[in-house]
Each structure stands twice: as structure tokens, then as C-alpha cells.
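In what follows, a single structure is set out as C-alpha cells and then discussed.
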Amino acid sequence: RSLENLQELHFDNILCDWRFDKLFAPLMNQFFEEDSRIQRFFFFACNSNLERVSLKGGRYIGMDGKENDFPQFALIRFVRRTPTLKWFRSDLTEQNIISLSKERPEICFL
Numbered sequence: 021r022s023l024e025n026l027q028e029l030h031f032d033n034i035l036c037d038w039r040f041d042k043l044f045a046p047l048m049n050q051f052f053e054e055d056s057r058i059q060r061f062f063f064f065a066c067n068s069n070l071e072r073v074s075l076k077g078g079r080y081i082g083m084d085g086k087e088n089d090f091p092q093f094a095l096i097r098f099v100r101r102t103p104t105l106k107w108f109r110s111d112l113t114e115q116n117i118i119s120l121s122k123e124r125p126e127i128c129f130l
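First residue of the sequence shown: 21, per my numbering; consecutive thereafter.
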């Protein structure tokens, strides 16, 4: 929450494993479900000034112990809720990139 001046993040090929985090583990399955009541998104506590973000190859370990790609809806939610974003590299599908480019033409998607 104290990273209000953070403008750039590169987390390519990150593997998130929150199964043993006492605060986040109980909410993890909901975090990665599209219809979740939890309206959080990647880096929600420090996104107010982010301009350049790379999450290419991002994966997480679910409560079942299996590795999963970051869901498309989670990447989309991040883009929509980061007002200062100008550059985004990720594993978004071409169709989602086209759709988001119409909403946010100022962002360079890679």
C-alpha cells in the first residue's frame, strides 16, 4: 500500500503460491474465479500510478496444488482498473487484446 510512486513492474514467468499465506489462502479460490464477490485484481494495492506492467507467463498454484495460467478475466480486470496503464505485456488472447484496445486505445499491448 505504500508503493504509490511505483510506475513499472516486470513479473514475467512468476509463479504465485499463496496456499500457506494465512491471510490470502482462504480467499485464493475466490480471487481467481470470474464471478467472485471479491473484486480484487493484480496489484490492487499499488496500481494507482502503474504505467508499464509485464505479467507474461504468469501462473499460480491453486488450492488443489495444480499450476494454472493467470485467467484471462483477471488480466482484463487489471487493465480496466489501472487508469494510468500505458504498456502491458501478458498472455492475453488476441481477441481480448483487440477488445481492450478499443476500450483503452492509449495502451500498447504486447
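Beta carbons: idealized from backbone N, C-alpha and C, even for Gly.
These numbers were taken from a predicted model, which means no experiment stands behind them.
Query	Result
Collapsed DSSP secondary structure at S74 in the structure displayed	strand
Spatial distance of P125 from K106 (CA atoms)	9 Å
For R109 and K76, the rounded distance between their alpha carbons	6 Å
Expected contact under 8 Å - CB spacing of L95 and L26 to nearest Å	Between L26 and L95 the Cβ distance is about 19 Å, and since that is not below 8 Å, they are no contact.
Cross-strand partners of R124 (DSSP beta bridge)	BP columns for R124 are empty, so no partner.
CB of N116 within 8 Å of CB of Q92, strictly	yes
6 Å CB neighbourhood of F90 in its chain, flanking five on each side removed	G78
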